[in-house]
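Reviewing the structure listed below.
As structure tokens, this is what we get:
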């Protein structure tokens, strides 16, 4: 049962230490450098005040002059108090007062300690006699405390207090080590139980062990900070238990406590801004959630938006979400810590300049991506040609478009290039006839053109994928030096297999021309050979059939 309460005891110890440090920080505030006194009637603006401090306790403040600055006067009073306190072991001291033409002297055990002048009384805005009595009482108490804190009883009490703090610090260290061991054992189990969806969503690319290691690192870092704070306050409180080291202990408490207090005060004062930021975030998330429901309904067909296409739903939602987030950021910036500082404004200008100078290509690709998505020239699944690349559109992103080539290669094309290039879409239907496929052959002038046209049309009719209605037709594209260039044209609605259709068309053209003993011209020759340049041997039909089947399978 005691093991279960160690973290709680640790928390109580730390909070107690923090509360004690807050109390001591108020005491040590007077150790700051001398400050200029508040303006008052007759006050000399060239004079300063300094505190008189003994054993870390501020007794009162004294005023300086050009002949005797305030710090020197305060140091003289401090040294005199300590000298008188160390001169006797008596637990009491006799304080008397002596009036002079310069002011009222305070005497302790017959020794002059400090003088109260009219200027001092004017500074504190009270009667000279009253102020001298107050200074005397403070000096009396300081001397008595100085002697009492250095008795054998006080030293034994300080030692007991130091031992108690040491025992508490040992318990604190044991609790830290216990928590550290528990972190090592429990982190992986916790991550495995509560973060299984992370591995599933990332296809196990993010392992539970990696997440557990990150969590352990963060928790161990927090433990290290807590241990440092605990050790720092332990050392300060041990030094505070003895009169000789109390001043240094209060300095240590001041050095750490003031930044910690500033942090906590900053957090507390920032709570209204945090509430406003939370409210802005909640409103933005609520609007985004409502837009998600609306666009899901549009995609499902519950809302008819005319010519709005379904593949526009996701990019439109993303754009709308970015707009909402940007608007929320505009409203949230004034509530961000340091947003009104010159450093934050300078950083904003620097980031804007960097983005404007280095993100031209990024912005152009993003804008081109939006045009590609919304101009309807290209859709996912279309077979297109961009320059030398032919493939099927598999993904249209904001920055780039992915094609799967006819050789099953993944081609990434920047949207700016897609926007600035000629795009041939083999899948879009401009009318009901389909795509017009064509190829050109050169046939000698000695062959009857009617015969050549009939053979080309026959080859087109034999080709699967070319429509018989509208009928294929032949165009004369050129009267070349050695041949007439005939172009066979046929309609097809199967744009995704154009390479296969053209291959079959070429095969059928060669077969029909060979059957009719017509020679297809080579690019250039010197003279006709004695024998026509047509195949004289034919493949066995069964073998040719098997070869075609093997080609189709491949």
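Numbering (mature numbering (1 follows the signal peptide of the UniProt record, and there is no 0)), first residue to last: -30 to -1, 1 to 524. Note that beta-carbon positions come from the ideal geometry of N, C-alpha and C, so glycine has one too. Bear in mind the structure is a predicted one, so any value in this text is a computation, not a measurement.
Check                                                                                                      : Outcome
Which residues DSSP lists as bridging residue 374, in chain order                                          : 362, 380
Straight-line Cα distance separating residue 42 from residue 69                                            : 23 Å
Beta-carbon proximity list for residue 364, same chain, < 6 Å, skipping 5 on both sides                    : 372, 374
Where residue 392 falls, given that 16 or more other Cβ within 10 Å makes a residue buried                 : exposed
Residue nearest to residue 65 in terms of C-alpha spacing, selected from 247, 59, 75                       : 75
Residue span of the alpha helix (DSSP H) that contains residue 252, given as start and end                 : 241 to 270
C-alpha gap between residue 110 and residue 88, whole angstroms                                            : 22 Å
Rounded C-alpha distance that separates residue 156 from residue 313                                       : 43 Å
Residue span of the beta strand (DSSP E) that contains residue 431, given as start and end                 : Note, residue 431: premise wrong, no beta strand (DSSP E); alpha helix (DSSP H) at 419 to 432.
For residue 449, the first and last residue of its enclosing beta strand (DSSP E)                          : 443 to 449
Residue 461 beta carbon less than 8 Å from that of residue 436                                             : yes
Cα-Cα separation, residue 450 to residue 419                                                               : 14 Å
Three-pair Cβ contact test at 8 Å for the stretch 130 to 147 versus the stretch 77 to 91                   : no
Neighbourhood of residue 33 by C-beta, 7 Å cutoff - its chain only, sequence neighbours within 5 removed   : 17, 19, 40, 89, 90, 93
Helix, strand or coil at residue 411 [DSSP, three-state]                                                   : strand
Helix, strand or coil at residue 28 according to DSSP, with G and I counted as helix                       : strand
Span of the beta strand (DSSP E) around residue 458                                                        : 454 to 462
Per DSSP, the bridge partner or partners of residue 81                                                     : 78
Burial state of residue 225 (16 or more Cβ within 10 Å)                                                    : exposed
Residue burial classification, residue 71 (beta-carbon count within 10 angstroms, cutoff 16)               : exposed
Span of the alpha helix (DSSP H), counted from its first residue to its last, around residue 120           : Run containing residue 120: none; DSSP gives neither H nor E here.
Coil, strand or helix - residue 86 by DSSP                                                                 : strand
Opposing strand residues paired with residue 354 [DSSP bridges]                                            : 361, 395
Own chain, CB closer than 6 Å to residue 216, minus 5 neighbours either side, in chain order               : 25, 26, 210
Straight-line gap, residue 223 to residue 262 (C-alpha atoms, nearest Å)                                   : 54 Å
Distance, residue 240 Cα to residue 306 Cα                                                                 : 9 Å
Check whether residue 61 and residue 118 have beta carbons under 8 Å apart                                 : yes
Helix, strand or coil at residue 349 [DSSP, three-state]                                                   : coil
Cβ contact check for the stretch 409 to 428 and the stretch 374 to 391: 3 or more pairs under 8 Å          : no
Assigned secondary structure, residue 440 (DSSP; H/G/I helix, E/B strand, else coil)                       : coil
Inter-stretch contact at 8 Å, needing at least 3 Cβ pairs: the stretch 235 to 255 / the stretch 142 to 156 : no
Short Cβ contact (8 Å threshold) for residue 408 with residue 478                                          : no
Sub-8 Å separation of residue 120 and residue 219 beta-carbons                                             : no
For residue 414 and residue 489, believed in contact at Cβ under 8 Å, the rounded distance                 : 7 Å
Cross-strand partners of residue 69 (DSSP beta bridge)                                                     : 74
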